[in-house]
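K.L.:
In this note's numbering, the protein residues as written are 328 to 800.
Just passing along the structure, written as structure tokens.
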């Protein structure tokens, strides 16, 4: 019979996260992260590498992203924990590899948030008001941290609004492309122009697909909120594949509209290719897209900030980072210490101005993580994990690993130098953390042996001096 009283919180519940995400909220979380600020410059970059048929590398990039996404879907439903890739790598290969995977993700996330904060205070905001970029970045990051700490439900609801605005702006671009065609001003022949003056069709597709692949990354951040998702085994695959498919359709339609509306050379030479579509079509004020871009930047920074704090929390709970990062707000159940720590580092990067140098290493770091995740799927097949989890066909993670290797070969040498430097730091820290963990385990073992010895000595106090365990037996 129930007493009507609420059970007191246990140690586990005091450091656990609240399950508040439904399938629709998770869908918008992933969609909002994938449809980030990059889409507003992506089309021009792809056109420069692939020619007018930008829709081809976009489709190829979507298919490549879906390979690794399937691996994430299996592991996120098998182990719905906040550590994400770090947790999977730890289970498959041990804490050292888990630390490296988590460190790469954490570094990429924090640098990404810092870069987005500087982007928010730069050209987009200057269309409305001119303020010091550093000051804007700090205030911006502080505001996002408060939203993050407020709660996962509140954060994802804000993301729903922002994502609707982002998608609405992109739908307008598609509509303007149709309007231009209806007026007889568009040029559909550009949609079949694949290749550039220095690249054939095959090389153009590969090069353009690498750029386009960058636009689909973001889905990996969602595994860090699987622990806060209601029934993740059912919700996560639906939300993940639904969001990627939706993003792919939007990207392809935007690419087609931009290619039809604007000459390829103009598109490739513009830092704001979607604004070129607005200018060509007319009828829509350009300031509107500056506003939409600000929303996209803010939304991307919020979602990446959520990922970074949850990843730090998960790594701390796995013993890879200081345990203080596992502290959560009593009522909100959000990891406030991890939020403060990751936001502080992002502020430091945003203020030092070193983000521009590190930003180009983000994709390389993610490809390292994706390679580990695709391999971990195969290694962990012998572990049952959660029952009824999503399972990808074995060939999928194998192809996902191959795709990561192929894409990594297309990254410039100078990016490899910076990326390997960051990875080397992670390896050194992993060695330190592993040695510290072994030392801690050794001390615990010694302490346990001492207590057992004391217990034996007490129970055998009537025996002759010097009698040991074999004597008592």
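Where a beta carbon is used, it is the ideal one built from N, C-alpha and C, also for glycine.
Are the beta-carbon atoms of residue 689 and residue 587 separated by less than 8 Å?
P.N.:
No. Outside cutoff.
K.L.:
State the CB to CB distance for the pair residue 357 and residue 580, rounded to an integer number of angstroms; the pair is presumed to be in contact (CB under 8 Å).
P.N.:
Rounded, the Cβ-Cβ distance is 19 Å, inconsistent with contact.
K.L.:
Is residue 526 helix, strand or coil when you go by DSSP?
P.N.:
Three-state DSSP puts residue 526 in a strand.
K.L.:
Given a cut-off of 8 Å, decide if residue 428 and residue 696 are closer than it, judged by their beta-carbon atoms.
P.N.:
Taking 8 Å as the Cβ cut-off, residue 696 and residue 428 qualify as a contacting pair.
K.L.:
With respect to the alpha helix (DSSP H) encompassing residue 669, which residues constitute its N-terminal and C-terminal limits?
P.N.:
It spans 663-679 - the alpha helix (DSSP H) in which residue 669 sits, taken as one unbroken run.
K.L.:
Using C-beta distances below 6 Å, list every residue in its chain close to residue 536, excluding the 5 sequence neighbours before and after it, in chain order.
P.N.:
Excluding residues within five positions, the ones whose Cβ falls inside 6 Å are 384, 387, 388.
K.L.:
Quick one: what's got a C-beta closer than 7 Å to residue 433's C-beta in the same chain, skipping five residues either side?
P.N.:
Closer than 7 Å at Cβ, skipping near neighbours: 635, 638, 639.
K.L.:
Measure the C-alpha to C-alpha separation of residue 630 and residue 718 and round it to an integer number of angstroms.
P.N.:
Rounded to the nearest angstrom, the two C-alpha atoms are 26 Å apart.
K.L.:
Please determine, among 408, 468, 584, the residue with the shortest C-alpha to C-alpha distance to residue 502.
P.N.:
Comparing Cα-Cα distances from residue 502 to each of 408, 468, 584, the minimum goes to 584.
K.L.:
Would you mind stating whether residue 499 and residue 589 have Cβ atoms separated by less than 8 Å?
P.N.:
No. Outside cutoff.
K.L.:
Taking only three categories from DSSP, how would you classify residue 648?
P.N.:
DSSP places residue 648 in coil when its eight states are reduced to three.
K.L.:
Reducing DSSP to helix, strand and coil, say where residue 721 ends up.
P.N.:
The answer is coil: DSSP assigns residue 721 none of H, G, I, E or B.
K.L.:
From this set, 603, 734, 726, 431, which residue's C-alpha is nearest residue 547's C-alpha?
P.N.:
Of the listed residues, the one whose Cα sits closest to residue 547 is 431.
K.L.:
Per DSSP, residue 457 is paired with what?
P.N.:
Answer is none; residue 457 lacks a bridge partner.
K.L.:
Under a Cβ-count criterion, where at least 16 other Cβ atoms within 10 Å of its own Cβ denotes burial, should residue 709 be classed as buried or exposed?
P.N.:
Classification for residue 709: exposed.
K.L.:
Using 8 Å as the threshold, is the C-beta distance between residue 647 and residue 425 below it?
P.N.:
Their beta carbons are under 8 Å apart, which means residue 647 touches residue 425 by this criterion.
K.L.:
Give me the Cβ distance between residue 468 and residue 670, rounded to the nearest whole Å; I'm assuming they're in contact under 8 Å.
P.N.:
Indeed they touch by this definition, with Cβ atoms about 5 Å apart.
K.L.:
What does the Cβ neighbour count give for residue 558, buried or exposed, with the cut at 16 atoms within 10 Å?
P.N.:
Flag for residue 558 reads exposed.
K.L.:
Tell me residue 556's beta-bridge partners as DSSP assigns them.
P.N.:
In DSSP, residue 556 forms a bridge with 348.
K.L.:
Can you name the start and end residues of the alpha helix (DSSP H) that residue 699 belongs to?
P.N.:
Where residue 699 is concerned, the enclosing alpha helix (DSSP H) stretches over 689-706.
K.L.:
Output yes or no for whether 8 Å exceeds the beta carbon distance between residue 693 and residue 746.
P.N.:
It is not a contact, given that the beta carbons lie outside the stated cut-off.
K.L.:
Is residue 510 helix, strand or coil by DSSP?
P.N.:
Residue state, collapsed to three classes: coil.
K.L.:
Who are the Cβ neighbours of residue 577 in its own chain at under 7 Å, not counting the five residues just before and after it?
P.N.:
Excluding positions up to five away in sequence, the list reads 362, 494, 497.
K.L.:
Tell me, please, whether the CB atom of residue 528 is closer than 8 Å to any CB atom in chain D?
P.N.:
No chain D is part of this structure, which consists of one protein chain only.
K.L.:
How big is the Cα-Cα spacing for residue 724 and residue 701?
P.N.:
Computed Cα separation, rounded: 5 Å.
K.L.:
Under the three-state reduction of DSSP, which class applies to residue 582: helix, strand or coil?
P.N.:
In this structure, residue 582 counts as helix in the three-state DSSP scheme.
K.L.:
Would you decide whether residue 571 is buried or exposed? Buried here means 16 or more other CB atoms lie within 10 Å of its CB.
P.N.:
It counts as buried.
K.L.:
Can the beta-carbon of residue 445 be found closer than 8 Å to that of residue 460?
P.N.:
Contact: yes.
K.L.:
Using CA atoms only, rank isn't needed, just tell me which of 707, 738, 732, 760 is closest to residue 405.
P.N.:
For residue 405, the nearest C-alpha among the options comes from 707.
K.L.:
How should residue 737 be labelled, buried or exposed, when 16 other C-beta atoms within 10 angstroms of its C-beta is the threshold for buried?
P.N.:
With fewer than 16 other Cβ atoms within 10 Å, it is exposed.
K.L.:
Where do the ends of the alpha helix (DSSP H) carrying residue 446 lie?
P.N.:
Unbroken alpha helix (DSSP H) run through residue 446: 422-447.
K.L.:
Beta-carbon within less than 8 Å of residue 348's beta-carbon, same chain only, minus the 5 sequence neighbours each way: which residues are those?
P.N.:
The answer, listed in chain order, is 356, 479, 480, 483, 552, 555, 556, 557, 562.
K.L.:
Where does residue 739 fall in DSSP's three states?
P.N.:
In this structure, residue 739 counts as coil in the three-state DSSP scheme.
K.L.:
Grab me the residues of residue 401's own chain with a C-beta within less than 7 Å of its C-beta, minus the 5 sequence neighbours each way, in chain order.
P.N.:
Counting only Cβ-Cβ distances below 7 Å, and skipping sequence neighbours, we find 704, 716, 717, 718, 719.
K.L.:
Going by the CB atoms, is the gap between residue 447 and residue 624 shorter than 8 Å?
P.N.:
Their beta carbons are under 8 Å apart, which means residue 624 touches residue 447 by this criterion.
K.L.:
Roughly how many angstroms lie between the CA atoms of residue 550 and residue 755, to the nearest whole one?
P.N.:
Answer to the nearest angstrom: the Cα atoms are 26 Å apart.
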